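S.K.: Chains A and B, in that order, are what the protein sequence lines are. In this text, residue positions in the first sequence follow my numbering: the first is 1, and each later residue adds one. In this text, residue positions in the second sequence follow my numbering: the first is 1001, and each later residue adds one.
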Amino acid sequence: MQKTTDVVRFKGRMKKKRNVQLYIGLGILAALGLFLLLGFIYHPYGTTKMDSAMKLTAPSLQHWFGADNYGRDIFERVQEGLRTSVVIALLSTLIGTAGGTVIGALTGFYGGLLDDGIMRIIDVLFSIPSILLALVFVSLSDFGMTNVILALGIAVIPSFAKMIRTEFKEQAKLEYVQAAKLMGASDFRILFRHILPNVMPTLINCMFISFNNCVLAEAGLSYLGIGVQPPQASLGGMIAEGQGYLKMAPHLIIAPGVVMVLLLLGLGLIADGNARTFFVAVKGKKKE
Amino acid sequence: MLEVRDLKIEFYDHTRPEVAVRDVDFTMNEGEIVGLVGESGSGKSLTATAIAGLIRRGDVKISGEVMWELSGKEGSAGRFSAEGGVAAEGKIAAEAGKEERIDLLKASRKQMRALQGKEIGFIFQDPMTAFSPVHKIGYQVEDALRVHGKTAEETGSGNENKEGKSADYSKEELRRCAIEALAAADLPDPERVYNSYPFELSGGMRQRAMIASAMISSPRLLIADEPTTALDVTVQAEIIKLLKRINEEKHTAILFISHDLGLVRKLCSKVLVLKNGDVVEQGAAGEIFNAPKADYTKKLIAAEVNFEELEAEEEAAEGAAEKGVAKAGTQGFVSDDGKAAVEGATESSAGAARETPQVECEVRNLTFLYPKRRNIGDTVIFAKKTKKESLPEKTERTADADQANAGIGIHDINLTIHKGEIVGLVGESGSGKSTLAKCIAGLNAVKKDASGEDQNVIRKNRVGMIFQDSYSALNPKRRVGWLLREVLKLQGVKDRAEQDDAIGGILKEVELSDELMTRFPAELSGGQRQRIMIAMALLQKPTLLIADEPVSALDVAIQESITKLLKRLSRERNVAILFISHDLRTVYMLCDKVCVMKEGRIIEEARRKELYSNPREEYTKLLLRSALE
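1) Check residue 1140 of chain B in the structure and name its three-state DSSP category.
2) Kindly indicate the opening and closing residues of the beta strand (DSSP E) around residue 1470 of chain B.
3) Residues of chain B with a CB under 7 Å from the CB of residue 176 of chain A: which are they?
4) Which whole-angstrom value is the C-beta distance of residue 1026 of chain B and residue 1037 of chain B, which I expect to be below 8 Å?
5) By the three-class DSSP mapping on this structure, what secondary structure does residue 124 of chain A have?
6) Hey, does residue 1295 of chain B have any beta-carbon neighbour from chain A nearer than 8 Å?
7) Residues in the segment 1434-1445 of chain B with C-beta within 7 Å of chain A's C-beta atoms, listed in sequence order?
8) Around the C-beta of residue 163 of chain A, are 16 or more other C-beta atoms found within 10 angstroms, so that it is buried, or is it exposed?
9) What residue range does the alpha helix (DSSP H) around residue 289 of chain A cover?
10) Determine, for residue 1054 of chain B, whether the minimum Cβ-Cβ distance to residues of chain A falls below 8 Å.
11) Can the beta-carbon of residue 1550 of chain B be found closer than 8 Å to that of residue 1476 of chain B?
12) Could you tell me whether the segment 1573-1588 of chain B touches the segment 1407-1425 of chain B, where touching means 3 or more Cβ pairs closer than 8 Å?
13) Taking the alpha carbon of residue 1222 of chain B as the point to measure from, which residue in B/1229, B/1530, B/1231 and B/1212 has its own alpha carbon closest?
14) Can you give me the C-alpha to C-alpha distance between residue 1267 of chain B and residue 1029 of chain B, rounded to a whole angstrom?
15) Let's test the definition: count the other Cβ atoms within 10 Å of the Cβ of residue 1135 of chain B and tell me whether it reaches 16, buried, or not, exposed.
16) Return the chain-ordered list of same chain residues with a C-beta closer than 8 Å to the C-beta of residue 353 of chain A, the five sequence neighbours on each side being excluded.
17) Please state whether DSSP places residue 1268 of chain B in a helix, a strand or coil.
18) Which term fits residue 124 of chain A, buried or exposed, when burial requires 16 or more other beta carbons within 10 angstroms of its beta carbon?
19) Going along chain E, which residues have a C-beta under 9 Å from residue 1463 of chain B?
20) Using only CA atoms, which one of B/1269, B/1488 and B/1556 lies nearest to residue 1301 of chain B?
21) Spell out the partners DSSP gives residue 1035 of chain B in its beta bridges.
22) Roughly how many whole angstroms lie between the Cα atoms of residue 233 of chain A and residue 21 of chain A?
23) Shorter than 8 Å from the beta carbon of residue 1116 of chain B to some beta carbon of chain A?
24) Taking only the alpha-carbon atoms, compute the straight-line gap between residue 258 of chain A and residue 192 of chain A and give it to the nearest angstrom.
25) Step through the CB atoms of chain A and report whether any lies within less than 8 Å of the CB of residue 1074 of chain B.
26) May I ask whether a heavy atom of the ligand SAM can be found less than 7 Å away from the beta carbon of residue 1430 of chain B?
27) Take residue 1498 of chain B as the anchor and find which of B/1509, B/1566, B/1511 and B/1484 has the nearest alpha-carbon.
28) For chain A, find out if any of its Cβ atoms is closer than 8 Å to the Cβ of residue 1363 of chain B; answer yes or no.
29) If you run the structure through DSSP and keep just helix, strand and coil, what is residue 1009 of chain B?
30) Where residue 1516 of chain B and residue 1554 of chain B are concerned, what is the direct C-alpha to C-alpha distance, given to the nearest angstrom?
31) Is there contact between the segment 1424-1440 of chain B and the segment 1541-1549 of chain B, where contact requires at least three CB pairs shorter than 8 Å?
32) Take the Cβ of residue 174 of chain A as the centre, count every other Cβ of all protein chains shown within 10 Å, and call the residue buried at 16 or more, exposed below.
33) Can you tell me the Cα-Cα spacing of residue 1399 of chain B and residue 1532 of chain B, whole angstroms?
34) Given 8 Å as the limit, is there contact between the segment 1465-1480 of chain B and the segment 168-187 of chain A, that is, 3 or more CB pairs closer than that?
35) Which residues in the same chain as residue 1605 of chain B place their Cβ atom closer than 6 Å to its Cβ, once the five residues preceding and following it in sequence are excluded?
36) Any idea if residue 180 of chain A is buried or exposed, counting beta-carbon neighbours within 10 angstroms, 16 or more meaning buried?
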């Protein structure tokens, strides 16, 4: 009975102490969300409408974040850029997660030749920077958002596969897997119903990291001019465009830059918060 | 020498109860052995680590006093107090003045470091993790000397070199001292051990090396935190003897922490019983064991199996007629053994045929060898042993050339389990018990014979398995309800109401309430988890249950209840159980037939009574002696 009360107390405290980082991160993301929502209500200019009279004007009441070299409203363009970046990062992360989890699970669980073979391929892929990989992919196919998503998604698969493989390998050694085997569970069931929940914490953290990387990679691609094609705005693209006017009109870069930093910071804090609760749970388990 | 007053340890960490240890009061005299007894989580280790100054201050809040009498120049004061007892010690301390004693809890990091390893030695529970795996044993053993350097006293007493002043040891001296210390810890061939890495030694040897490293600077206090828990019984007894000898020869005080009352009884002169951080009872060992006052102590002592009593009970229950049956049964099972078949048939074929019940599982000439370098090629997941088991075995291999040639695994196993029978499988770790269990359960792919014989293991039905470590054997991320339901789902029971019925029934049978259904395994106690595992195994409706050290990780009182549960279930459901254990006491309580394994072979099998009263093999005798003495 002593045990019971301890557990209840443990849970209660967990909730109370659930970390500050998580809340700050969530707060930042909520602010960005509001910022996006504002775009649906307030869009007097449109993202492509140019106004030559307003070229490179500093932030004012009219243009909250100023106007760019074509006289477009930066406020609205940042909103669009944020949307683009988030969509791209989210979808490519999902592709990476799905692919990486399947590959990682199979190689980690079965090992042997399958593991050796696939892992060597992945090692080769690893030796090429993922942005280069995406670059090759995009230039081989075509520019545009879909291809960027695909390219980034494929480029992040190796890192997912590696992480997930290690986790599955560790888990497969544990006796609950053997117990499930004895119960007559199929391998598929063991992999995805028994082991996967134990891998989730790592997987989620990987997803956060990968999301951040994808935001940056997309910015990089746009910066190189092979990402999302103009006039569609993306955070990276806007920074690339504003670069030429850095001394004259720094606000061209400041707005998209700040939004990108906030996005990454918010997600990073949430990921960290998640990691922490996970860690605490694990520690509690081991100590008992 | 050491006085602990109102020691209280609180946790800031929110994963644990707030107060872990409260109001611990005791004194230790020079040369005294004090036992700290209690179940896991009772705060034994915390108390010890607090005394040794090994608790990170940030995690906990420690209050109270731990007064340590400095030996200093008047080293004789401490020696003297050993004879004078508690009262005398107080007087001496008062006479000597306050600067003679320091409060270890308030001592600065520097002060503590001067004491740690020099005045206070510490032996950890797990000798594997307590040694750095990348440094040689010798280096780690002499480390205490390297850190503390020479002092006047030490050079005078410990070494031939009598410089009489503080200085560093030379390499040669260090080496000599370390080898001396290793030899003093009864390690054979200390030179070789000196140059070995921890993983090259067996568990017992590592623990000896650990003791050597703690004793090298002749500390006045040796704290031994469950020093024998991770070891096999035969080794356990030797380590205990060694500790006792050290205590007698060097007059070192020992704070001995254990959950094993038997060991404490053998070793300690004074005992503290802890429960949930409270001292339930303390006093001289004789008093506590002969006339325990607290209910909890009584319970603990009662849980210890008394063999004479058990035997008397059995005798009364069975009677002479039963004995005859058991004897015939023994012959019956011998006749299943291929080689003995002829003899059995000629001698008492009729009797054997009558007495032999239905065969549940038969193992014939089973040989299963692990690939030699399995530590490197980790690729075959299920042909791997758990880490804990593989390590000592490997070291035995290096220690024993014969075994290296024989290969690792199990050889030529013949075993028959009859319906409803409880068979005990006894042996030290690394003897192949678990390997055999996994072969029988079908988790190890059984090697086919050269002649192409299909299988060495004949199973009649489903096999349920209960694992030793209920942490890793229950999926930590799934709730108990899910786990139980999953078993049923895999058996094709799709209907939720039907599942609930079955689960309710099984939980009642393993004596658990169904409110545990929503818990995660980590939120259960060790005994509860083990019961859940039994429930999961039973839901598969097995006719053979393999229990691989199901109670080894549990506390004595819980051990007993789990064994009783297993026995009852076996009788009620007519389930055969292969019960694997290194604990001969538990096996005695539970099993009908006992097989003794050593180095991958079954060296003796006999009816329980026969084995315990009249063991044939030397090894069995040794095992029995060290377990029962």
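All C-beta atoms, glycine included, are put in the ideal place defined by N, C-alpha and C. Keep in mind the model is a prediction, meaning the values are calculated, not measured.
M.R.: In this structure, then:
1) Mapped onto the second sequence, residue 1140 of chain B falls at position 140. Of the three classes helix, strand and coil, the one that applies to residue 1140 of chain B here is helix, per DSSP.
2) If you number the second sequence from 1, residue 1470 of chain B lands on position 470. Not the beta strand (DSSP E): residue 1470 of chain B falls in the alpha helix (DSSP H), residues 1470-1473.
3) Counting from one through the first sequence, the residue named residue 176 of chain A turns up at place 176. Chain B residues near residue 176 of chain A: 1472, 1473, 1474 and 1475.
4) Counting from one through the second sequence, the residue named residue 1026 of chain B turns up at place 26. Counting from one through the second sequence, the residue named residue 1037 of chain B turns up at place 37. The Cβ separation is near 13 Å, so there is no contact.
5) Counting from 1 along the first sequence, the entry for residue 124 of chain A is found at position 124. Residue 124 of chain A: helix per DSSP, three-state reduction.
6) Along the second sequence, one-based indexing puts residue 1295 of chain B at 295. No, no contact with chain A.
7) 1441 and 1443
8) Counting from one through the first sequence, the residue named residue 163 of chain A turns up at place 163. Buried is the call here.
9) Only positions 1 to 288 of chain A appear in this structure, which leaves residue 289 of chain A out of reach.
10) Position 54 of the second sequence, counted from the start, is the residue given in the question as residue 1054 of chain B. So, not an interface residue.
11) Position 550 of the second sequence holds residue 1550 of chain B. Position 476 of the second sequence holds residue 1476 of chain B. In this structure, residue 1476 of chain B does not lie closer than 8 Å to residue 1550 of chain B by Cβ.
12) yes
13) Residue 1222 of chain B sits at position 222 when you count from the first residue of the second sequence. It is B/1212 whose Cα lies nearest to the Cα of residue 1222 of chain B.
14) Translated into positions along the second sequence, residue 1267 of chain B becomes position 267. Translated into positions along the second sequence, residue 1029 of chain B becomes position 29. If I take the Cα positions, the gap works out to 15 Å.
15) Counting from one through the second sequence, the residue named residue 1135 of chain B turns up at place 135. Classification of residue 1135 of chain B: exposed, given that the 10 Å Cβ count is below 16.
16) This structure gives no information on residue 353 of chain A, because the portion of chain A shown stretches from 1 to 288.
17) Locating residue 1268 of chain B in the second sequence gives position 268, counting from the first residue. Coil.
18) For the purposes of this step, residue 124 of chain A is identified with residue 124 of the first sequence, where counting begins at 1. With fewer than 16 other Cβ atoms within 10 Å, it is exposed.
19) The displayed structure is made up of protein chains A and B, and chain E is not among them.
20) Taking the second sequence and counting its residues from 1, one reaches residue 1301 of chain B at position 301. With distances taken between Cα atoms, residue 1301 of chain B lies closest to B/1556.
21) Within the second sequence, numbered from 1, the residue matching residue 1035 of chain B stands at position 35. Paired residue(s): B/1256 and B/1271.
22) Locating residue 233 of chain A in the first sequence gives position 233, where the first residue counts as 1. Locating residue 21 of chain A in the first sequence gives position 21, where the first residue counts as 1. If you take the alpha carbons of residue 233 of chain A and residue 21 of chain A, they lie about 30 Å apart.
23) Within the second sequence, residue 1116 of chain B is the residue found at index 116, counting from 1. Chain A contact via Cβ: absent.
24) As a working mapping, residue 258 of chain A is identified with position 258 in the first sequence. As a working mapping, residue 192 of chain A is identified with position 192 in the first sequence. Distance between the alpha carbons of residue 258 of chain A and residue 192 of chain A is about 40 Å.
25) The residue labelled residue 1074 of chain B in the question sits at position 74 within the second sequence. Only weak support exists for where residue 1074 of chain B lies, its pLDDT of 39 falling under 50; the coordinates are left without a value.
26) Only the bare structure without any ligand can be found here, which leaves the ligand SAM out of the picture.
27) For this step, residue 1498 of chain B is matched to residue 498 along the second sequence. Checking every option, the nearest Cα to that of residue 1498 of chain B belongs to B/1484.
28) If you number the second sequence from 1, residue 1363 of chain B lands on position 363. No - not a single Cβ of chain A is within 8 Å of the one on residue 1363 of chain B.
29) Your numbering for residue 1009 of chain B matches position 9 in the second sequence. Here residue 1009 of chain B sits in strand by DSSP.
30) Stepping through the second sequence from its first residue, residue 1516 of chain B is reached at position 516. Stepping through the second sequence from its first residue, residue 1554 of chain B is reached at position 554. The alpha-carbon atoms of residue 1516 of chain B and residue 1554 of chain B are separated by roughly 19 Å.
31) yes
32) Position 174 of the first sequence, counting from 1, holds the residue named residue 174 of chain A. It counts as buried.
33) Here residue 1399 of chain B is taken as the residue at index 399 of the second sequence, counted from 1. Here residue 1532 of chain B is taken as the residue at index 532 of the second sequence, counted from 1. Residue placement at residue 1399 of chain B cannot be trusted, given a pLDDT of 38 that sits under 50; what the coordinates show is reported in the next sentence. Going by the C-alpha atoms only, they are around 40 Å apart.
34) yes
35) Counting from one through the second sequence, the residue named residue 1605 of chain B turns up at place 605. Closer than 6 Å at the Cβ level, and outside the excluded window around residue 1605 of chain B, lie 1595.
36) Residue numbering aside, residue 180 of chain A sits at position 180 when the first sequence is read from its first letter. Buried, since its Cβ has 16 or more Cβ neighbours within 10 Å.
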